[in-house]
Amino acid sequence: MSHFLSYAIPGIPYGCNYALMAVGLVLTFRATGVFNLAFGAQAFVAAFIFDLLVRTNHLPVGVAFVLSVLVFSPLVGLGLDRFLFRHIPTASTTAKLVMSLALLIAIPQALPIFFGNGQRLNPPNLWLNPNHVYFHLFSTPINGGEVTTTVITVVVAAAVVAMFRWSSIGLQMRAVVESRRMSQLEGINAPRVAAGAWALSSTLAGLAGVLLLPLTASLQPTDPLQYTALLVAGLTAASVASMRSLPIALAAGIGLGVVENLLAGYLPTGGVIAQTVVPAFPFVVLVGTLLLNPGLRQLELSSDPLAAADPPPAPPSVSIRDRRLEVPTRVGFWVLVVAFLASSVTWVPGYYVTAFAEGLCLSIVFLSITLITGMSGQLSLCQAAFAGIGAFAAGQFAEHLGLPVLLGAVVGGLLAAVVGTIVAIVAVRVSGLLLALVTLTFALYCDQTLFGYSWTGGGLTGVTVPRPVLGSINFGSDRSFLVLCFVALTLISVLVLLVQRGTVGRYLAAMRGSPVAAASLGISLRTARLTVFAMSAGIAGFGGALYGSVVQHVSADLFVYEFSLVYVVAVITTGSRTVEGAVQAGIGFSVIQLLLTLYLPTRFAGIEPILFAFGALTYAAHPEGIIEYQKSRWMVRVSKLFSAYDARRARKAGPPATGTSGSMEGYREALPVLGVTGKPFGG
Amino acid sequence: MADLSVGTPAPAPAFGALGADGTAPLLDARSISIRFGGVAALKDVSVTVAAGEAVGLVGPNGAGKTTLFNCLCGQLNPSSGTVTFDGHVLDDMPAHMRARLGIRRTFQRVEVFPELSVRDHMMVAERARRGDGALWKDLLNMGKPKPDELAHVEEILDLVGLNEMAEVPVAALSLGHCRLVELGRALCGEPRLLMADEPSSGLDITETAALAGVLRGVQRDRGMAVLLVEHDMEMVRTAVDRVVVLDVGEIIAQGSFESVVADPEVRRAYLGRSA
């Protein structure tokens, strides 16, 4: 019993850290309707500012706390509301999740730009000294850090619960999240309430960050999320609470801390269990909670009663392109392709050729996102993990079995497809936000555990993936390999286009529009999801293997979970529903990275993810992608010019021609047609 | 011969359980009950529909009509009761499997695919009916519409009066037209039982009368059974053979249109206790 208590009691303050994260996630979700994955990043920034004020500016701890937590953090929250979330009040949960992903990527990357890459060791503590034991509880020493964390967590959680349950502002926050438009019709100033909710949520994030400082031995600005373990545990506790109950989130967080300490105390420290089962434990618990907690399903079912007031989704730019632009567009496309290939194999500098080859391979990986996000409407946050599986498999097969790399890439793709199917079988019960979280958990597991083994990711040394040899053709040089990558990308693009335009593509569009109506037609949502998930994972795996062959040596740090997030926001920026969107994202990602490396200091390396993150911030307003949206605008402008030209010619020619003179196709033209030629039903 | 069956006896067949020729009904829902939290949305409801029969399901708002639809189609799992369709027990059967048996429906709150055109809606339903959605066919470019598929789609578009708008994305259509898209989509599946949930909502008087004619037409010409939830009593009178009245989750009357309209319990349900 004494052993039990000595393991369990230190778990309580440890669990309080999880609880604080969980309470923050639940509070943000209930007060703003956003599943704020950037909560940890906000916490990190506040902690960084606190540390900066105390140790660089030598301010007293109390003043630093007020400035960082009570002034800076609410300002961050108000800024997020004013510049981002206020403009997308009625966006879907998934769209808001994408926004928070973009923030999760952008916020930590922005820190080194302002404060450099230097590591900050031994950050200060907020209240009581963590190195001093204040009292003993059942013979277990309790230090100042543990007292601080426990007391503040419980007090803050109680205050937040009281505010939500008994104050009118809490009631208004709940109403605004349920339906901003309905609450406005009832006279609530919804924008002001939402701004207050963001300020509160951000303050809590800041408080969590400062409280968690004693847990971190150092603050590293370039490490996007030093709180990854906390994020997994916080997500688990918030999920146990169905993203709804603050007291349950608090209890679950503390409980997780206790269980984790007990496992660490009782399980053997060596052997297979310690190396495989224990590291996977938090992920298994999180996935189990996400899949088995029926309360979480309500998150998917809830919808705004006034959602019908939303405008229809925008059509792809190609559908509103004037017919007279088709030939010039096609000719221009092929000229561009030929010029690109001819230049790449002749005069372009070698480092650009390597970047282009990487871009083509990344385009293949990004096409997997076109399939799963663009076509089926599901957010998968583990595509880099599938790419890693393909790359490591190709390398391991080549090294240990002597398999040709191209064959290894295909086998790696198939292996990724099998793993993707397994993930899908587990995750097929859920969709939207929950699916995104399950896939994120898988990405975290691969990043932190699976790819660390020697038999998968080659351990610390990584895996060599040689360049392919096809008969007498050796693709050892970058230029020849670029041509091979181009052929592979063309093949995969054609496959994706065939699926998009075929029956499965239509089924997926139907599922995206209304899963319940699709099922009522006899379409199996389960089969469709498994199919698209397997195919998407396979393509990512194949692309990852080719990418591995470009760089010739892969290790776990090439496929960390952050890349899965960056990949998604990159494709969403350029357009997740079109093949060209994926290719633009792939080439753009690689070339921008090269240009930044060539022309800017290393502290600006984070600008690229920030650029794409800014693009993804427009996702809610333009789910077709900001670049696709701009293309559509240009198409409309050009079509108007053509229409004006037609009208001028018609006036010169004499009496007006019959029929529609504008040649713009698609539903922008069809809208007026409805009122003119639409035959009334029964007429 | 002695009865060797064990367990609880099956509930008594509902009114109209057997068809006119004494055969088993196409749809047989027995003792359906479901609770939402503390509220009993359906209490021991039994409904049958014979092949080729049109049945109206009416009742005040909150009576449980759409909930019953959802239980029959597999969107909700009742806490007790059994649903049988053409001899197949549907309990625990997912919605898409029920659709493949020949049950198609429309929705009270319109459920369309906003990015697809009207014709694409019909084509999706046509392909789903044929079970022709294999990935390998798409990858080999064998997924193009066949002449007989296109002909069937055109026939349905003509039937519901949407052929002029076939290429328009449904996001650009009015509520009334979206309801017709839903109806056409359901009819493309050549269902044996068509379940229409307030299909006239959003339509004007002329369109509603024409819709009733379409429902009667598919029932008569194609032998399609129809289960219709509707508040427009004139449409119910013209479109169905028999009416079932639900109130607060219970059946309070059933029979011919004239008999249920004259039923004092039905009048009380619609007009209040003082009626």
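Chains A and B, in that order, give the protein sequences.
Going left to right, the first sequence walks through residues 390 to 1072 as the numbering used here numbers them.
Going left to right, the second sequence walks through residues -8 to 266 as the numbering used here numbers them.
In this text, a Cβ means the ideal position worked out from N, Cα and C, and glycines have one as well.
Straight-line Cα distance separating residue j from residue i
i: G815/A; j: I196/B; result: Reading off the sequence, residue 815/A comes out as Val, not Gly. Distance between the alpha carbons of V815/A and I196/B: 50 Å.
i: A1059/A; j: R170/B; result: In this prediction, A1059/A scores a pLDDT of 41, lower than 50, which makes its location untrustworthy; no coordinate-derived value is stated.
i: S1050/A; j: R713/A; result: Low per-residue confidence applies at S1050/A: pLDDT is 41, beneath 50, and the placement is therefore not dependable enough to give any value.
i: L859/A; j: G644/A; result: 57 Å
i: V239/B; j: L467/A; result: 47 Å
i: A579/A; j: S572/A; result: 7 Å
i: S953/A; j: I999/A; result: 15 Å
i: G1014/A; j: Y1034/A; result: 30 Å
i: P16/B; j: S70/B; result: 23 Å
i: R686/A; j: S757/A; result: 26 Å
i: R118/B; j: T892/A; result: 7 Å
i: R818/A; j: L680/A; result: 7 Å
i: Y523/A; j: L517/A; result: 9 Å
i: A420/A; j: E951/A; result: 27 Å
i: L725/A; j: Y1008/A; result: 28 Å
i: F922/A; j: V543/A; result: 42 Å
i: V415/A; j: L620/A; result: 13 Å
i: A622/A; j: A597/A; result: 14 Å
i: V807/A; j: G204/B; result: 52 Å
i: R563/A; j: L469/A; result: 19 Å
DSSP state of residue i mapped onto helix, strand, coil
i: N406/A; result: helix
i: M84/B; result: coil
i: G1064/A; result: The predicted model places G1064/A with a pLDDT of 35, which falls under 50 and marks its position as unreliable, so this point remains unresolved.
i: Y842/A; result: coil
i: N61/B; result: helix
i: A32/B; result: strand
i: T75/B; result: strand
i: E715/A; result: helix
i: V159/B; result: coil
i: G246/B; result: strand
Chain-order list of residues whose beta-carbon lies under 7 Å from that of residue i (same chain, five-residue window excluded)
i: T853/A; result: G784, E788, Q941, H942
i: L1006/A; result: L473, M488, A491
i: C750/A; result: C874, G932, L935, Y936, V939
i: A1010/A; result: H476, I477
i: A397/A; result: V647, N650, L651
Beta carbon of residue i nearer than 9 Å to that of residue j
i: P160/B; j: L174/B; result: no
i: A484/A; j: P904/A; result: no
i: A640/A; j: A627/A; result: no
i: G902/A; j: R120/B; result: no
i: T1016/A; j: T962/A; result: Note on residue identity: the sequence assigns Ile, not Thr, to residue 1016/A. In this structure, T962/A lies closer than 9 Å to I1016/A by Cβ.
i: V49/B; j: H222/B; result: yes
i: V799/A; j: Q889/A; result: no
i: L237/B; j: V36/B; result: yes
i: T625/A; j: L126/B; result: no
i: G65/B; j: P85/B; result: yes
i: G43/B; j: Q210/B; result: yes
i: F755/A; j: A971/A; result: yes
i: V957/A; j: Q772/A; result: yes
i: Q431/A; j: V465/A; result: yes
i: L164/B; j: V109/B; result: yes
i: L602/A; j: P671/A; result: no
Beta-carbon contacts of residue i that lie in its chain and below 6 Å, excluding the five residues immediately before and after
i: G801/A; result: G779, A782, A783, G930, A934
i: G134/B; result: K128
i: G763/A; result: S965, R966
i: A495/A; result: I999, A1002
i: V251/B; result: V234, V236, A244, V257
Contacts around residue i, its chain only, beta-carbon distance under 8 Å, and the 5 residues preceding and following it disregarded
i: A805/A; result: F775, A776, I778, G779, A782, A926, G927, A929, G930, F931, G933
i: P399/A; result: T529, E535, N650
Which runs of the beta strand (DSSP E) fall wholly inside the region 781 to 839 of chain A and span at least 3 residues, in chain order?
none
Entirely enclosed alpha helix (DSSP H) segments - the region 416 to 447 of chain A, minimum 4 residues:
Given a length threshold of 4 residues, each whole run of the alpha helix (DSSP H) inside the region 416 to 447 of chain A is given here in chain order: 428 to 440.
4-residue-minimum alpha helix (DSSP H) runs that sit fully inside the region 500 to 582 of chain A, ordered along the chain:
533 to 555, 557 to 567, 569 to 574
Alpha helix (DSSP H) runs contained entirely in the region 889 to 957 of chain A, provided each spans 4 or more residues:
Listed in chain order, they are 892 to 902, 904 to 909, 914 to 940.
Completely contained alpha helix (DSSP H) runs for the region 157 to 241 of chain B, where each covers 4 or more residues:
Runs of the alpha helix (DSSP H) spanning 4 or more residues and lying entirely within the region 157 to 241 of chain B occur at 166 to 179, 196 to 213, 224 to 230, in chain order.
May I have a chain-ordered list of the alpha helix (DSSP H) segments no shorter than 4 residues that lie completely inside the region 742 to 787 of chain A?
With a minimum length of 4 residues, the continuous alpha helix (DSSP H) runs that stay inside the region 742 to 787 of chain A are 772 to 785.
Curious, which full-length alpha helix (DSSP H) runs of at least 4 residues does the region 115 to 146 of chain B contain?
126 to 130
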